[in-house]
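Have a look at the structure below before the remarks.
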Amino acid sequence: MNLHTDNKYVPIIGIQEFRKGQTAGRKELLYNELHGERHISKPHKHDFFIIVLFDRAKGTHNIDFQDYVIGDKQVHILFPGQVHKWSIEPNTTGYQLMIDKVFFDRFSSYFRFSFTDYINHPVISLSDKNFDLLKYEFDAIKDELDALDSLQDIISKRAAVIATIVSKAAEQTFTGAKIYQSNPRLAKFNMLIDQFFKEEKLVAFYATKLNISANYLNILCKKNLNVSATQLIQQRVLLEAKRLLQSTDLSIKEIAFELGFVDHAYFSNFFKSQTGMTPTKFREE
Numbered sequence: 000m001n002l003h004t005d006n007k008y009v010p011i012i013g014i015q016e017f018r019k020g021q022t023a024g025r026k027e028l029l030y031n032e033l034h035g036e037r038h039i040s041k042p043h044k045h046d047f048f049i050i051v052l053f054d055r056a057k058g059t060h061n062i063d064f065q066d067y068v069i070g071d072k073q074v075h076i077l078f079p080g081q082v083h084k085w086s087i088e089p090n091t092t093g094y095q096l097m098i099d100k101v102f103f104d105r106f107s108s109y110f111r112f113s114f115t116d117y118i119n120h121p122v123i124s125l126s127d128k129n130f131d132l133l134k135y136e137f138d139a140i141k142d143e144l145d146a147l148d149s150l151q152d153i154i155s156k157r158a159a160v161i162a163t164i165v166s167k168a169a170e171q172t173f174t175g176a177k178i179y180q181s182n183p184r185l186a187k188f189n190m191l192i193d194q195f196f197k198e199e200k201l202v203a204f205y206a207t208k209l210n211i212s213a214n215y216l217n218i219l220c221k222k223n224l225n226v227s228a229t230q231l232i233q234q235r236v237l238l239e240a241k242r243l244l245q246s247t248d249l250s251i252k253e254i255a256f257e258l259g260f261v262d263h264a265y266f267s268n269f270f271k272s273q274t275g276m277t278p279t280k281f282r283e284e
């Protein structure tokens, strides 16, 4: 499996890298099964979406620098650009859908919560009933992919059902989801941060986009999320800094430039204030 670079800064693994070992698949979607022990020690990114359904499973899945315990009857969701690695123990069974961006858009609206919620909570525990429902749909997609006359529309409808079941199971996990649902400005703020965080670090920019004052945006964040608007922006910058430090060979200076800092000293001070360690120390560890 070869890492390639889609642009100057982000090394990724493309969906085509998995076609050789696929269980079943079309150009836009692959189905694979996970059996037994597997280890990915080098953090990396994908340019596609991944939905993993674990049946019997043990191990650790590190997503965006946070360890998640892999357990029985879970679904794991990865979005393009998220950094991950895992250590899966023997006797594990799982099922994996790899979906390109264009095809994902056909059913993405069936994920009822903000994508930010799924990114922040990528591991969702399932009841026996929800697991059985998802397993049925995974099997149905595999059968359709294997059919000589397979239809993309049937696969996308099955994928939409999967998104709906996952969303239903996620209601208990996404404790903050209702906050964003009842405060569309906060949801929009999160989307704007993801779009502009490299260029824009000031709250005033986002407040203008939302047609409210910077002070009111800060009040909304503190009241509903217990963090300031500035902290939300900084959290996103920090996450991207960690991704670049772990998954690229860019110098600290190049990373600082990529993230919109005027010089690497300013970036290093920011990183240390947030994590308690220098970027170099983080990369070494």
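According to numbering that gives the first Met the number 0, the sequence shown is numbered sequentially starting from 0. Glycine residues also receive a C-beta, built at the ideal position from the N, C-alpha and C atoms. These numbers come from a predicted model, not from an experiment.
Across the set Lys-41, His-43, Leu-33, Ile-39, the C-alpha of Leu-33 shows the shortest separation from the C-alpha of Phe-53.
Ile-153 places its beta carbon 8 Å or farther from that of Ile-192. The C-beta of Glu-239 has 16 or more other C-beta atoms within 10 Å across all chains shown, which makes the residue buried. Exposed is the label assigned to Gly-35, since fewer than 16 other Cβ atoms lie within 10 Å of its Cβ. A residue is called buried when at least 16 other Cβ atoms come within 10 angstroms of its Cβ; Asn-189 meets this threshold and is buried.
Assignment of Thr-229 by DSSP, reduced to helix, strand and coil, places it in the helix class. Annotation for Gln-171: no beta strand (DSSP E) segment contains it, and DSSP assigns it neither H nor E. Counting only residues of its own chain and dropping the five nearest sequence neighbours on each side, Lys-241 has a CB closer than 6 Å to the CB of Phe-64.
If you compare the alpha carbons of Ile-87, Gln-194, Asp-131, Ile-49 with that of Arg-235, the shortest gap goes to Gln-194. Residue pairing by DSSP places Arg-37 opposite Ile-87 in a beta bridge.
Between Asn-225 and Val-202 a beta carbon distance of about 16 Å is seen, past the 8 Å cut, so the two are scored as non-contacting. When only Cα atoms are considered, Tyr-215 and Ala-186 end up about 15 Å apart.
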